[in-house]
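Heads up: the sequence shown begins at 2 in this note's numbering, then just goes up one per residue. Glycine included, every Cβ here is placed at the ideal spot set by N, Cα and C.
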Amino acid sequence: MNDAAPAPTPAPAPRKRARVRAPELIGKGGWLNTGGKDLTLADLRGKCVVVDFWTFCCINCLHVLDELRELEEKHRDTVVIIGVHSPKFVHEAEHAAVVDAVERYQVHHPVLDDPELATWKQYAVRAWPTLVVIDPEGYIVAQHAGEGHAHAIARLVEELEAEHEAKGTLRRGDGPYVAPEPVAGALRFPGKALLLPSGNLLVSDTTRRQLVELAADGESVVRRVGSGERGFAGDSFSEPQGLALLPDGRVVVADTVNHALRVYDSATGHVETVAGTGRQWWQGSPTSGPALEVDLSSPWDVAWWQGRVWIAMAGVHQLWTWDPEAGTVEVAAGTTNEGLLDGPAAEAWFAQPSGLAAAGDRLWIADSETSALRYVEAGEDGYVVKSAVGTGLFDFGHRDGDAAQALLQHPLGVTALPDGSVAVSDTYNHALRRYDPATGQVSTLATDLREPSDAVLVGEDIVVVESARHRLTRLRLPEEAVRVDAVAHRTQRAATEVAAGTLRLDVVFQAPTGQKLDTRYGPSTRLLVSSTPPGLLADGEGAGTDLFRDLVLNPDVTEGVLHVSAMAASCDDDPANEYPACHVHQQDWGVPVRVTAEGASRLPLVLAGMDAEG
Numbered sequence: 002m003n004d005a006a007p008a009p010t011p012a013p014a015p016r017k018r019a020r021v022r023a024p025e026l027i028g029k030g031g032w033l034n035t036g037g038k039d040l041t042l043a044d045l046r047g048k049c050v051v052v053d054f055w056t057f058c059c060i061n062c063l064h065v066l067d068e069l070r071e072l073e074e075k076h077r078d079t080v081v082i083i084g085v086h087s088p089k090f091v092h093e094a095e096h097a098a099v100v101d102a103v104e105r106y107q108v109h110h111p112v113l114d115d116p117e118l119a120t121w122k123q124y125a126v127r128a129w130p131t132l133v134v135i136d137p138e139g140y141i142v143a144q145h146a147g148e149g150h151a152h153a154i155a156r157l158v159e160e161l162e163a164e165h166e167a168k169g170t171l172r173r174g175d176g177p178y179v180a181p182e183p184v185a186g187a188l189r190f191p192g193k194a195l196l197l198p199s200g201n202l203l204v205s206d207t208t209r210r211q212l213v214e215l216a217a218d219g220e221s222v223v224r225r226v227g228s229g230e231r232g233f234a235g236d237s238f239s240e241p242q243g244l245a246l247l248p249d250g251r252v253v254v255a256d257t258v259n260h261a262l263r264v265y266d267s268a269t270g271h272v273e274t275v276a277g278t279g280r281q282w283w284q285g286s287p288t289s290g291p292a293l294e295v296d297l298s299s300p301w302d303v304a305w306w307q308g309r310v311w312i313a314m315a316g317v318h319q320l321w322t323w324d325p326e327a328g329t330v331e332v333a334a335g336t337t338n339e340g341l342l343d344g345p346a347a348e349a350w351f352a353q354p355s356g357l358a359a360a361g362d363r364l365w366i367a368d369s370e371t372s373a374l375r376y377v378e379a380g381e382d383g384y385v386v387k388s389a390v391g392t393g394l395f396d397f398g399h400r401d402g403d404a405a406q407a408l409l410q411h412p413l414g415v416t417a418l419p420d421g422s423v424a425v426s427d428t429y430n431h432a433l434r435r436y437d438p439a440t441g442q443v444s445t446l447a448t449d450l451r452e453p454s455d456a457v458l459v460g461e462d463i464v465v466v467e468s469a470r471h472r473l474t475r476l477r478l479p480e481e482a483v484r485v486d487a488v489a490h491r492t493q494r495a496a497t498e499v500a501a502g503t504l505r506l507d508v509v510f511q512a513p514t515g516q517k518l519d520t521r522y523g524p525s526t527r528l529l530v531s532s533t534p535p536g537l538l539a540d541g542e543g544a545g546t547d548l549f550r551d552l553v554l555n556p557d558v559t560e561g562v563l564h565v566s567a568m569a570a571s572c573d574d575d576p577a578n579e580y581p582a583c584h585v586h587q588q589d590w591g592v593p594v595r596v597t598a599e600g601a602s603r604l605p606l607v608l609a610g611m612d613a614e615g
């Protein structure tokens, strides 16, 4: 018999990682949520730093903000999340707009305003959102693009904590976040409004997570609905947006961050959930079925049309419907691909549809990321999607005249007018615009609004939701248009220089520690490639299951945009676990490219991990 104590089990060796020194964080807009202090990476030494490259127009970025909240809370003494605001639209480069967005979306960590994309370029970022993890010694150890990475980053943080605790390079304690002073007022970043049968107005008070009923004057508060606390139980909402009146007088609410539809009965004050589970929809989830059993994704607006509630499902670039009598939901239009493509509803592409308005045989749509006004109408073979104004993801501005060349900038709302025309809440142009189908002309009805997100007709007036002024503004519908000097813009990201001929596309994906690709039901990865203009690619378009592809560039086209959509599913790698936890990682890239003699022959896009060849 041996009485000696057993030898202790050796601690696992630290995981070997590629490490790259992190570039400094710089941005002309300066820092928010730091109490006025400028931060450097040296100030963050000893902490695990997660840098979140985001822009406030991007629904995927808003999803990631919510994904990071649990990590932010659980590892508050070791992790510092830094938001780097990297604008897509011209309006997003305005410092005041970034300040508003940080409050609107309740960002509780320091944010660097980088209007010129300086830090974006230093970190070679190619997509919104992108997350970069920096270890306590100031080295980049991982990069993730898109949504669904919170679990992987949480595991990595735990590894880094253990590793740097042992090395003595981990510094615990409070981070640099300083909360701003709260602001009083009846509304805070209201989203949408609805005229009630009583003549009062119901408003989604988005940031305060409530509905507010206002008297007919649009100012006096009659009642507030909802606890005001983030949640899904009872009468709690989470950043509600769209409102629509049902035939029975109740109101359906797009409860955006809860990924659900709720119904509010103003007679009883009762709130109930009618669609959604509270979980976000992911690729592979059901797209139809009993409404309370199917996941939704950031419903942004709702409208009653043709006997059903139509849903602008911003999170997956689709339109869905809810049938109250059958108690079911289903996809009505869109493929989940992000872009502007007209045609049969099942084949159309949208980009964050955010506003709906029913008008006879048409359902009008504010398609925000394509800066477009679009509509659905019934054809002989089913529903068809058409565009009235807008050309795609990269062109926007403020230009009136013929609809074929008119420009909007990230509109969030649309309102049917009595004469058959349509008012557009042209959010990032701070304007109310008008499109007349009879003449094909676009005009401007009003300017000097602050991020208008919706408008509702009240008699001969139109009441505009001025989201960033936290109020409703009543306007008399003008007989003549306002003259505005025309401006046109394109996104300011620099084009990637590529060589002529064959371009190797590599989507880099490394499964998180303790996980493997989920191949139980077939391929666990998906890659979809297209281009603008369509002639940019001579070969390589279409869908496949490999995360790499050889693209052949058309020698007659020297510049354009590559659209790449990638998805990978991973599950816990534990044979003893009969029901392993699984996660979907997905991202869409729009990569501007220019063909040059010195251009690269390989295009790496990091979905998760580090590019070994970079």
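From the DSSP output, read off the bridge partner residues of residue i.
i    : result
G290 : V330
F54  : V85, T131
M314 : P300, Q319
Y429 : Y429 is not bridged to any residue.
I141 : V21, I135
R451 : Paired residue(s): none; R451 is not in a bridge.
Y178 : Y178 pairs with nothing; no bridge assigned.
Is it true that the CB of residue j sits closer than 8 angstroms to the CB of residue i?
i    : j    : result
V465 : L433 : yes
L552 : L506 : yes
T41  : S87  : no
T35  : V179 : yes
P354 : L409 : no
L157 : P137 : no
V254 : L247 : no
L394 : A352 : yes
Name the residue from the options whose alpha carbon lies nearest to the alpha carbon of residue i.
i    : options                : result
S267 : V204, N259, T322       : V204
P513 : D44, I135, Y106, H145  : H145
L196 : D218, L554, D612       : D218
A389 : L215, V85, A404, G316  : A404
T559 : P191, A500, A613       : A500
W350 : L518, T336, T120       : T336
T1   : V425, E331, D256       : What is shown of the chain runs 2 to 615, which leaves residue 1 out entirely.
A94  : A128, G31, L69, I141   : G31
V332 : H76, G340, A347, D343  : A347
H152 : Y106, T170, A570, Y580 : A570
G383 : G391, G402, L548, D362 : D362
L113 : V272, G28, A417, G344  : G28
R477 : A469, D462, R491       : D462
V50  : V91, E159, H584, D540  : E159
Between which two residues does the beta strand (DSSP E) containing residue i stretch?
i    : result
Q123 : No beta strand (DSSP E) contains Q123, which is instead part of the alpha helix (DSSP H) from 119–123.
H96  : Note, H96: premise wrong, no beta strand (DSSP E); alpha helix (DSSP H) at 96–105.
V108 : Run containing V108: none; DSSP gives neither H nor E here.
Q516 : 516–518
E467 : 462–467
Q662 : Residue 662 lies beyond the range of the chain shown here (2 to 615); nothing can be said about it.
E560 : 560–573
F510 : 503–510
W32  : 31–33
G250 : From DSSP, G250 is part of no beta strand (DSSP E); its letter is neither H nor E.
Identify whether residue i lies in helix, strand or coil by the three-state DSSP scheme.
i    : result
G219 : coil
C583 : strand
G169 : coil
G277 : coil
P325 : coil
A5   : Its pLDDT being 39, under 50, A5 is placed unreliably by the model, and nothing is read from it.
P535 : helix
S369 : helix
P11  : Interpretation of P11 is limited by its pLDDT of 43, a score under 50 that renders its predicted location unreliable; no figure is taken from the coordinates.
T597 : coil
L604 : strand
E148 : strand
E614 : coil
V377 : strand
P241 : strand
R156 : helix
L161 : helix
A609 : strand
L622 : It is not possible to answer for residue 622, since the shown part of the chain is limited to 2 through 615.
D403 : strand
Grab the span of the alpha helix (DSSP H) containing residue i for me, first residue to last.
i   : result
I60 : 60–75
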